[in-house]
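A.B. asks:
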């Protein structure tokens with residue numbers, strides 16, 4: 001029966017070729033026809049066995065066996081890790097800008113306490129890009145006489161007021177005393193002194209710039225290089241000091257002797273003050289304080305002035321609080337702008353990277369398709385469906401079924417493929433079974449030891465190139 005069935009398709013081929021007088025062609029045609037029938041029968045048997053084993057997609061799996069392994073990730077997977085990196089970039093930008101904002105609000109433009117002396121003329125020039133308004137308020141008592149002015153531009157420093165004050169004081173042993181003056185550039189200080197001491201004791205007279213200079217002198221009164229002017233005085237005399245930087249200055253005197261010393265000081269000053277005639281805003285400081293709103297376009301200057309010495313006043317000092325109102329629009333727009341710029345730059349770099357990967361894929365696509373797959377295509381397909389339990393159930397199949405499937409693949413491959421047992425081994429070491437999978441992608445391609453090394457070294461799945469979080473071991477019961 002078999003011989004008769006095989007001779008029927010051979011006869012027409014023999015007749016068609018016998019006219020050419022070549023017998024070899026007839027034998028080749030009959031052989032090829034027989035092989036095709038055998039392949040069709042084997043394919044039908046393999047499909048039936050696959051359906052009996054519970055495989056729902058035998059044709060799909062067989063087609064994927066002939067497709068080479070591709071190490072490049074798909075577009076949705078690329079979009080996944082790009083989206084994760086984008087959110088990380090946003091979080092970093094928000095954190096950075098938060099610290100910058102707090103530094104500007106609480107540090108550079110934070111509240112400050114000012115101590116003013118007579119005839120003070122303090123020019124305040126905040127950055128209107130970060131500051132919306134300037135507020136001056138009293139601290140201890142009503143600061144009568146203080147004025148707050150607003151200008152479109154810096155006022156001229158052309159008002160010269162000479163004035164003086166005298167101080168008679170007795171310094172106990174190891175004590176000191178200071179007087180504060182706010183002087184602008186071009187001003188001058190002249191201090192004349194007269195010491196009344198039966199033992200001709202000497203004192204230390206200093207002129208210090210700002211609180212820092214005064215504190216350095218108080219730490220070590222005998223050290224001369226910590227202040228603008230340091231002089232050991234005895235008897236009577238005169239000390240003169242020119243001012244080159246607008247700041248607060250202290251005239252201090254210290255007694256380093258073991259006995260009390262009486263001294264008379266006469267401080268004469270030639271002070272340069274700002275001209276207030278061109279101001280468009282004017283406010284007398286009261287208990288509620290004064291607030292001056294700045295224009296966003298800039299060109300705003302604030303001036304704080306104090307009156308001269310007042311007769312009958314116990315001390316000619318004023319304590320005020322200077323505070324700045326933040327311009328929140330700047331900080332919010334800054335956060336949004338920085339975020340957009342960084343995301344645009346990140347997207348551009350990601351686009352260049354994807355373009356480079358696509359170029360490499362097109363360049364090496366033909367070579368890669370002709371190579372033998374590194375990993376089992378069947379396992380890759382099941383793991384790509386996203387379930388690590390499919391891999392476990394696949395590993396628990398009957399060994400005889402695996403051998404049957406391996407023999408079928410060995411017959412269908414041109415040069416011979418590895419059998420099913422080899423596909424169950426680790427794709428890295430080929431010594432241990434595939435008993436682990438990656439999270440969150442769920443791919444199962446290596447043993448637990450190799451998978452752990454991959455996670456520690458690369459941190460990405462070798463199948464989809466997604467970032468892996470954990471490696472789980474599969475325990476077969």
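In the UniProt record's numbering, the protein residues as written are 1 to 477. Just so it is clear, CB atoms sit at the ideal spot from N, CA and C, and this is done for glycine as well.
Flag this pair as touching only if the segment 167 to 181 and the segment 255 to 273 have three or more C-beta atom pairs under 8 Å; answer yes or no.
C.D. replies: Yes, they touch.
A.B. asks: Return the first residue and the last residue of the beta strand (DSSP E) that residue 266 is part of.
C.D. replies: Here residue 266 corresponds to residue number 266 of the chain shown, with the count starting at 1. Looking at the DSSP string, the run of the beta strand (DSSP E) that includes residue 266 is 261 to 273.
A.B. asks: Can you check which of these residues, 186, 204 and 208, is closest to residue 222 by C-alpha distance?
C.D. replies: Here residue 222 is taken as the residue at index 222 of the chain shown, counted from 1. Of 186, 204 and 208, the residue nearest in Cα terms is 204.
A.B. asks: Could you check where the alpha helix (DSSP H) with residue 424 kicks off and where it finishes?
C.D. replies: Indexing the chain shown from 1 puts residue 424 at position 424. From DSSP, residue 424 is part of no alpha helix (DSSP H); its letter is neither H nor E.
A.B. asks: Determine which residues share a DSSP beta bridge with residue 526 and list them.
C.D. replies: The chain is shown only over 1 to 477; residue 526 falls outside these bounds and no answer can be derived.
A.B. asks: Given a threshold of 16 other Cβ atoms within 10 Å of its Cβ, counted over all protein chains shown, does residue 499 qualify as buried or as exposed?
C.D. replies: Not covered by the structure: residue 499. The range shown for the chain is 1 to 477.
A.B. asks: Where do the N-terminal and C-terminal ends of the alpha helix (DSSP H) with residue 214 fall, by residue?
C.D. replies: Residue mapping note: residue 214 aligns to position 214 of the chain shown, counting from 1. Here the alpha helix (DSSP H) through residue 214 covers 210 to 219.
A.B. asks: In whole angstroms, what separates the C-alpha of residue 450 from that of residue 468?
C.D. replies: Stepping through the chain shown from its first residue, residue 450 is reached at position 450. Stepping through the chain shown from its first residue, residue 468 is reached at position 468. Going by the C-alpha atoms only, they are around 14 Å apart.
A.B. asks: What residue range does the beta strand (DSSP E) around residue 451 cover?
C.D. replies: Here residue 451 is taken as the residue at index 451 of the chain shown, counted from 1. Looking at the DSSP string, residue 451 is not in any beta strand (DSSP E); the run it does join, the alpha helix (DSSP H), is 448 to 457.
A.B. asks: Pick from 254, 192 and 283: whose alpha carbon is nearest that of residue 268?
C.D. replies: Mapped onto the chain shown, residue 268 falls at position 268. When each option's Cα is compared against that of residue 268, the closest is 192.
A.B. asks: With three or more beta-carbon pairs closer than 8 Å as the criterion, would you say the segment 86 to 100 touches the segment 342 to 350?
C.D. replies: Contact between the segment 86 to 100 and the segment 342 to 350 is present, because at least three Cβ pairs lie under 8 Å.
A.B. asks: Are there 16 or more other CB atoms within 10 angstroms of the CB of residue 458, so buried, or fewer, so exposed?
C.D. replies: Here residue 458 is taken as the residue at index 458 of the chain shown, counted from 1. Classification for residue 458: exposed.
A.B. asks: Just the Cα atoms here: how many angstroms apart are residue 182 and residue 309?
C.D. replies: By 1-based counting over the chain shown, the position of residue 182 is 182. By 1-based counting over the chain shown, the position of residue 309 is 309. C-alpha separation (whole angstroms): 13 Å.
A.B. asks: Let me know the beta strand (DSSP E) ranges lying completely inside the segment 108 to 144, each 3 residues or longer, listed in chain order.
C.D. replies: Here the runs fully enclosed are 112 to 116, 121 to 124 and 131 to 138.
A.B. asks: Taking the alpha-carbon positions, what's the residue 470 to residue 429 distance?
C.D. replies: Start at 1 with the first residue of the chain shown, and residue 470 comes out as number 470. Start at 1 with the first residue of the chain shown, and residue 429 comes out as number 429. Rounded to the nearest angstrom, the two C-alpha atoms are 20 Å apart.
A.B. asks: Please confirm whether residue 131 and residue 109 have their CB atoms less than 9 Å apart.
C.D. replies: The residue you call residue 131 lines up with position 131 of the chain shown. The residue you call residue 109 lines up with position 109 of the chain shown. Their beta carbons are under 9 Å apart, which means residue 131 touches residue 109 by this criterion.
A.B. asks: Does DSSP classify residue 174 as helix, strand or coil?
C.D. replies: By 1-based counting over the chain shown, the position of residue 174 is 174. Coil at residue 174, not helix or strand.
A.B. asks: Tell me the DSSP bridge mates of residue 247?
C.D. replies: As a working mapping, residue 247 is identified with position 247 in the chain shown. According to DSSP, which records beta bridges pairwise, residue 247 is partnered with 183.
A.B. asks: Looking at the structure shown, is residue 351 part of a helix, part of a strand, or coil, going by DSSP?
C.D. replies: Locating residue 351 in the chain shown gives position 351, counting from the first residue. Looking at residue 351 - three-state DSSP - the assignment turns out to be helix.
A.B. asks: Secondary structure at residue 491, three-state DSSP: helix, strand or coil?
C.D. replies: Limits of the chain in this structure are 1 at one end and 477 at the other, which puts residue 491 out of reach.
A.B. asks: Below 8 Å on the Cβ atoms is my contact criterion, and I expect residue 126 with residue 324 to pass it. Report the Cβ-Cβ distance as a whole number of Å.
C.D. replies: The count along the chain shown starts at 1 and reaches residue 126 at position 126. The count along the chain shown starts at 1 and reaches residue 324 at position 324. Confirmed, about 6 Å.
A.B. asks: With DSSP as the reference, please indicate the residues paired to residue 252 in a beta bridge.
C.D. replies: As a working note, residue 252 is residue 252 in the chain shown. Beta-bridge pairing links residue 252 to 178 and 206.
A.B. asks: Kindly indicate which residue of 160, 304 and 232 has the alpha-carbon position closest to the one of residue 195.
C.D. replies: Residue 195 sits at position 195 when you count from the first residue of the chain shown. The shortest C-alpha separation from residue 195 is found at 232.
A.B. asks: Assign residue 341 to one of three DSSP states: helix, strand, or coil.
C.D. replies: Residue mapping note: residue 341 aligns to position 341 of the chain shown, counting from 1. DSSP places residue 341 in helix when its eight states are reduced to three.
A.B. asks: For residue 464 and residue 354, what's the separation of their Cα atoms in angstroms?
C.D. replies: Position 464 of the chain shown holds residue 464. Position 354 of the chain shown holds residue 354. Their Cα atoms are separated by approximately 14 Å.
A.B. asks: Can you have a look at residue 155 and say buried or exposed, based on whether 16 or more other CB atoms are within 10 angstroms of its CB?
C.D. replies: One-based indexing of the chain shown puts residue 155 at position 155. So residue 155 counts as buried.
A.B. asks: Using DSSP's beta-bridge definition, name the partner residues of residue 321.
C.D. replies: Stepping through the chain shown from its first residue, residue 321 is reached at position 321. 113 and 137.
A.B. asks: Would residue 239 and residue 316 be called neighbours here (beta carbons separated by less than 9 Å)?
C.D. replies: For the purposes of this step, residue 239 is taken as the residue at position 239 of the chain shown. For the purposes of this step, residue 316 is taken as the residue at position 316 of the chain shown. Cβ distance not < 9 Å, so residue 239 and residue 316 don't count as in contact.
A.B. asks: Using the beta-carbon count (16 or more within 10 Å), is residue 103 buried or exposed?
C.D. replies: Taking the chain shown and counting its residues from 1, one reaches residue 103 at position 103. Under this definition residue 103 is an exposed residue.
A.B. asks: If I follow the unbroken beta strand (DSSP E) through residue 191, where does it start and stop?
C.D. replies: Working through the chain shown from its first residue, we reach residue 191 at position 191. Residues 188 to 196.
A.B. asks: Below 9 Å between beta carbons: does that hold for residue 106 and residue 320?
C.D. replies: Stepping through the chain shown from its first residue, residue 106 is reached at position 106. Stepping through the chain shown from its first residue, residue 320 is reached at position 320. No.
A.B. asks: Would you call residue 332 buried or exposed, if buried means 16 or more other Cβ atoms sit within 10 Å of its Cβ?
C.D. replies: Translated into positions along the chain shown, residue 332 becomes position 332. Classification of residue 332: exposed, given that the 10 Å Cβ count is below 16.
A.B. asks: What residue does the beta strand (DSSP E) around residue 473 start on, and which one ends it?
C.D. replies: If you number the chain shown from 1, residue 473 lands on position 473. 470 to 473 is the span of the beta strand (DSSP E), which, as asked, contains residue 473.
A.B. asks: Taking the continuous beta strand (DSSP E) assigned at residue 436, which residues delimit it?
C.D. replies: The residue given as residue 436 occupies position 436 in the chain shown. Counting along the chain, the beta strand (DSSP E) containing residue 436 begins and ends at 436 to 439.
A.B. asks: Could you tell me the alpha carbon to alpha carbon distance between residue 395 and residue 349, rounded to whole angstroms?
C.D. replies: Along the chain shown, one-based indexing puts residue 395 at 395. Along the chain shown, one-based indexing puts residue 349 at 349. Any reading at residue 395 must be qualified, since the residue scores a pLDDT of 44, below 50, and its modelled position is unreliable; the value itself is stated next. Each residue's Cα considered, the two are about 42 Å apart.
A.B. asks: Measure the beta-carbon distance from residue 136 to residue 289 and round it to whole angstroms, keeping in mind my assumption that it falls under 8 Å.
C.D. replies: The residue labelled residue 136 in the question sits at position 136 within the chain shown. The residue labelled residue 289 in the question sits at position 289 within the chain shown. So it is a contact: roughly 6 Å between Cβ atoms.
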